[in-house]
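Here the sequence shown is numbered in the working numbering, starting from 22 and rising by one per residue. Input: a single structure, listed below in structure tokens.
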Amino acid sequence: MTEPLTDRRRRLLRADIGRTAIALFAERGFDTVTVGDISAAAGISERTFFRYFASKDEVLLDYERHVWERLIHALASRPADEGPVTALRQAFLATSHVEPADRLRVVQLGRILAQAPELNARSRGQRLVNDDELVALVAGRFPKGHKESTMHARIAVTAMNAVAAAEFGAWVQGGGRGDPAERIRAALSLLEQGIGKFDGGGDNQ
Numbered sequence: 022m023t024e025p026l027t028d029r030r031r032r033l034l035r036a037d038i039g040r041t042a043i044a045l046f047a048e049r050g051f052d053t054v055t056v057g058d059i060s061a062a063a064g065i066s067e068r069t070f071f072r073y074f075a076s077k078d079e080v081l082l083d084y085e086r087h088v089w090e091r092l093i094h095a096l097a098s099r100p101a102d103e104g105p106v107t108a109l110r111q112a113f114l115a116t117s118h119v120e121p122a123d124r125l126r127v128v129q130l131g132r133i134l135a136q137a138p139e140l141n142a143r144s145r146g147q148r149l150v151n152d153d154e155l156v157a158l159v160a161g162r163f164p165k166g167h168k169e170s171t172m173h174a175r176i177a178v179t180a181m182n183a184v185a186a187a188e189f190g191a192w193v194q195g196g197g198r199g200d201p202a203e204r205i206r207a208a209l210s211l212l213e214q215g216i217g218k219f220d221g222g223g224d225n226q
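This is the structure in structure tokens:
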């Protein structure tokens, strides 16, 4: 179905406002940039800005929400007969891939969030809410009659989410070299193998 021209224009303008805001945050610091600064740089009025975003905070949180929506969609779209852990892993890998042309912007976003504690806390809170939806989707992939499917799904979601977030953070701090999906793939593979082997020295023996 073809996207209506009006919707396409709104989507492109929203994306342009977001890119402009992120560039200003990276250059001047999140706290010093105002909605007026963003509007002027984007060539729009403040009134137009507020048609797209409720505040400058929402510019950053909007990206986070977009990523989570993609993750939920990716998980829900996995083959019905795929196991819960495999489906969740593949969903994380699909949504953690960052195209080379987008890596600078994503690194900037990650660094801005890390330097804005209150905003980062809101972002983490939103992730916890989203975790409930992930848990429900993962639990539904266990065989019928599986005992403690919700608990096991919660463990899988919490562990894999933490590992993916940690590796993404390391990728951001490292300047965005390569594709974060490859780091996350290796880390999730290690998690699935089990970290208990570290007690015996792991692969270094």
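We put the beta carbon where it would ideally sit given N, CA and C, even for glycine.
Per DSSP, reduced to three states, the secondary structure at SER76 is coil, with no helix or strand assignment. Closest in alpha carbon position to ALA177, among GLY190, ASP152 and ASP200, is ASP152. The criterion of a C-beta distance shorter than 8 Å is satisfied by PHE113 and ALA185.
In chain order, VAL156 place their CB closer than 6 Å to the CB of ARG175, counting only its own chain and leaving out the 5 sequence neighbours on each side.
LEU158 places its beta carbon less than 8 Å from that of ALA97. Distance from the CA of ARG86 to the CA of GLY166, rounded to the nearest whole angstrom, comes to 33 Å. CA-to-CA, the gap between ALA208 and SER117 works out to about 13 Å. In this structure, ALA47 sits away from GLN136, with a CB-CB distance that is not shorter than 8 Å. THR27: member of the alpha helix (DSSP H) spanning 26-49, first to last residue. In the DSSP annotation of this structure, PHE163 is not part of any alpha helix (DSSP H), being labelled neither H nor E.
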